[in-house]
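Have a look at the structure below before the remarks.
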Amino acid sequence: MAVATEKRTYTVDEFWELCHQTDKRLELIRGELRELTPTGWQHGVVVVNATRLLSNYVLTHRLGIVLGAETGVVLPIGERDEGQTVRAADVAYVRRERLPQGVLPARFADIVPDLVVEVTSPSDTYAMVAEKVNDWLLAGAQMVWVVDPSNRQVSVHRPGKPVQVLGEEDVLSGEDVLPDFVCRVSELFAW
Amino acid sequence: MAVATEKRTYTVDQFWELCHQTDKRLELVKGALRELAPANFEHGLVAGKLQVLVGQFVMSQRLGYVVAAETGFVLSEQPATVRAPDMAYVSRERVGESYLERFADFAPDLVAEVVSPSDTFSSVAEKVEDWLKAGVRLVWVIDPATQTVRVYRTGQPTQVLREQDTLSGEDVLPGFACKVSELFAR
Numbered sequence: 682m683a684v685a686t687e688k689r690t691y692t693v694d695e696f697w698e699l700c701h702q703t704d705k706r707l708e709l710i711r712g713e714l715r716e717l718t719p720t721g722w723q724h725g726v727v728v729v730n731a732t733r734l735l736s737n738y739v740l741t742h743r744l745g746i747v748l749g750a751e752t753g754v755v756l757p758i759g760e761r762d763e764g765q766t767v768r769a770a771d772v773a774y775v776r777r778e779r780l781p782q783g784v785l786p787a788r789f790a791d792i793v794p795d796l797v798v799e800v801t802s803p804s805d806t807y808a809m810v811a812e813k814v815n816d817w818l819l820a821g822a823q824m825v826w827v828v829d830p831s832n833r834q835v836s837v838h839r840p841g842k843p844v845q846v847l848g849e850e851d852v853l854s855g856e857d858v859l860p861d862f863v864c865r866v867s868e869l870f871a872w
Numbered sequence: 007m008a009v010a011t012e013k014r015t016y017t018v019d020q021f022w023e024l025c026h027q028t029d030k031r032l033e034l035v036k037g038a039l040r041e042l043a044p045a046n047f048e049h050g051l052v053a054g055k056l057q058v059l060v061g062q063f064v065m066s067q068r069l070g071y072v073v074a075a076e077t078g079f080v081l082s083e084q085p086a087t088v089r090a091p092d093m094a095y096v097s098r099e100r101v102g103e104s105y106l107e108r109f110a111d112f113a114p115d116l117v118a119e120v121v122s123p124s125d126t127f128s129s130v131a132e133k134v135e136d137w138l139k140a141g142v143r144l145v146w147v148i149d150p151a152t153q154t155v156r157v158y159r160t161g162q163p164t165q166v167l168r169e170q171d172t173l174s175g176e177d178v179l180p181g182f183a184c185k186v187s188e189l190f191a192r
């Protein structure tokens, strides 16, 4: 979950510097800092399950990379008068073709993941999650999975398509973003 | 907000019977009961204001009907889903000659849902999905906590409206407009 912090605004560079002077976990949303608190265990288990399932598939088929929680992505969004945005997805997949040659960025990068997984916490409000989903899709993500451990549902968001809500017994598919990737929704909650 | 209740599943007809044996407010989602808790005051205020604004417009233009919260719409028979929006507008054409003394077996043209603090993202996303799938042309999700309105339409990106923006009836309710801030004014 995210908590609002002080009011001044930051650029991406200032934010990068700040992240190295603090031991807080932060996001930058339209120039403003949001502090991320440690998550509950239900959240933690789902993040690792999703990371493992996606990572196994992506590595086996040599499709690209899977990024772990807290990886900063600079989102090319916001109106002229708004500040910059650096978000950290819980899990993200980036296709090989969209990665730079040679080395991966040492800092935040403006490479928007093809697939983003966000796991909700009990304290997340509707608006906070809706804003995240909106930001990722606006920035160019092809698919966002919002996983809710409280009711064991996954909602699938794609640009220009109706949202799809899946229950535990349903099959979660990578569709054309991660072709042939499938898992049962229940696998995300397994422990 | 909705609270999960017992585990067995219901058909629309069984649910109709049940609703007459209980004084609970219920919805049926994929065959399972969801109990609706009374809303907080702010929620009621926003939903009430919306009913007045949209209601006045619809009546003055003789376009159709605005129904209050708790009106049941059958969105799907299999699995059985009966939902009750916070506000809905149905055009004359959609109502047609339908029998009105049961749950509506047609979808509204416009639905508004007001978010409660206890609503999870996925429960709201599920509602929006159900309404759009059933044929609702325009869904407004109104969040008093952030004073924003999210506008959902099939095949179009979600639009986020803030205080200074104008909420429009688009082609569903042509000519209807109100400031988002008006919905939240006390």
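Top to bottom, those sequences are chains A and B. If you're matching positions, the first sequence starts at 682 in this note's numbering and goes up one per residue. If you're matching positions, the second sequence starts at 7 in this note's numbering and goes up one per residue. Heads up, the beta-carbon is just placed ideally off N, CA and C, and yes, glycines get one too.
- Proximity to P757/A across E849/A, Q723/A, M809/A, F789/A peaks at F789/A, based on C-alpha coordinates.
- The count of Cβ pairs closer than 8 Å, one atom from the segment 134 to 152 of chain B and one from the segment 790 to 810 of chain A, reaches three, so the stretches are in contact.
- Listed in chain order, the beta strand (DSSP E) runs fully inside the segment 94 to 132 of chain B are 116 to 120, counting runs of at least 3 residues.
- Judged by DSSP in its simplified three-state form, K139/B adopts helix.
- Residue contact with chain A for T17/B: absent (no Cβ-Cβ distance below 8 Å to any residue of chain A).
- Contact annotation: in the segment 814 to 831 of chain A, residues whose CB is within less than 9 Å of a CB in chain B are V814, N815, L818, L819, V827, V828, D829, S831.
- DSSP lists V145/B as the beta-bridge partner residues of Y158/B.
- Straight-line spacing of the CA atoms in A140/B and L81/B works out to 5 Å.
- For E799/A, the enclosing beta strand (DSSP E) has its first and last residue at 796 to 800.
- Below the 8 Å Cβ cutoff, chain B contributes T126, F127 as neighbours of D805/A, in chain order.
- Distance from the Cα of S122/B is smallest, within the candidate group L106/B, D92/B, R100/B, L144/B, for D92/B.
- Residues of the segment 144 to 169 of chain B with a C-beta atom less than 9 Å from some C-beta of chain A are V147, D149, A151, T152, T154, R156, Y158, T160, G161, Q162, P163, T164, V166, listed in chain order.
- Here Y738/A carries a helix assignment [DSSP, helix/strand/coil].
- DSSP, read as helix, strand or coil, puts G753/A in strand.
- Within the DSSP secondary-structure output, I746/A pairs in a beta bridge with V775/A.
- The beta carbon of L734/A sits closer than 6 Å to the beta carbons of C864 from its chain, once the five residues preceding and following it are set aside; these are given in chain order.
- Residue pairing by DSSP places H838/A opposite V825/A in a beta bridge.
- Taking a C-beta cut-off of 7 Å against chain B, none of the residues of the segment 777 to 793 of chain A qualify.
- L819/A carries a helical assignment under DSSP once its states are collapsed to helix, strand and coil.
- With fewer than 16 other Cβ atoms from the protein chains shown falling within 10 Å of its own Cβ, V784/A counts as exposed.
- In this chain, the alpha helix (DSSP H) harbouring G50/B covers 47 to 67.
- For E698/A, the enclosing alpha helix (DSSP H) starts and ends at 693 to 700.
- A94/B places its beta carbon 8 Å or farther from that of V120/B.
- Only residues of its own chain outside the window of five on either side were considered, and among them V726 have a CB closer than 6 Å to the CB of W872/A, listed in chain order.
- Chain order gives the chain A residues near K139/B as P843, where near means a beta carbon separation below 9 Å.
- Burial of N730/A is indicated by the presence of at least 16 other C-beta atoms within 10 angstroms of its C-beta.
- Per DSSP, the beta-bridge partners of S174/B are A183/B.
- V35/B carries a strand assignment under DSSP once its states are collapsed to helix, strand and coil.
- Residue-level contact by beta carbon fails for A118/B and chain A, as no gap is shorter than 8 Å.
- Here V772/A is actually not in contact with V739/A; their C-beta atoms are around 11 Å apart, not less than 8 Å.
- When Cβ-Cβ separations below 8 Å define contact, A131/B makes contact with chain A.
- Assignment of F79/B by DSSP, reduced to helix, strand and coil, places it in the strand class.
- The beta carbon of Q834/A sits closer than 7 Å to those of V846, L847, G848, all from its chain and outside the five residues before and after it, given in chain order.
- In the DSSP secondary-structure assignment, C864/A is bridged to L853/A.
- Nearest neighbour of A811/A by Cα position, chosen from L748/A, Q765/A, V827/A, turns out to be V827/A.
- Rounded to whole angstroms, the Cβ separation of L714/A and G745/A is 30 Å, and the two are not in contact under 8 Å.
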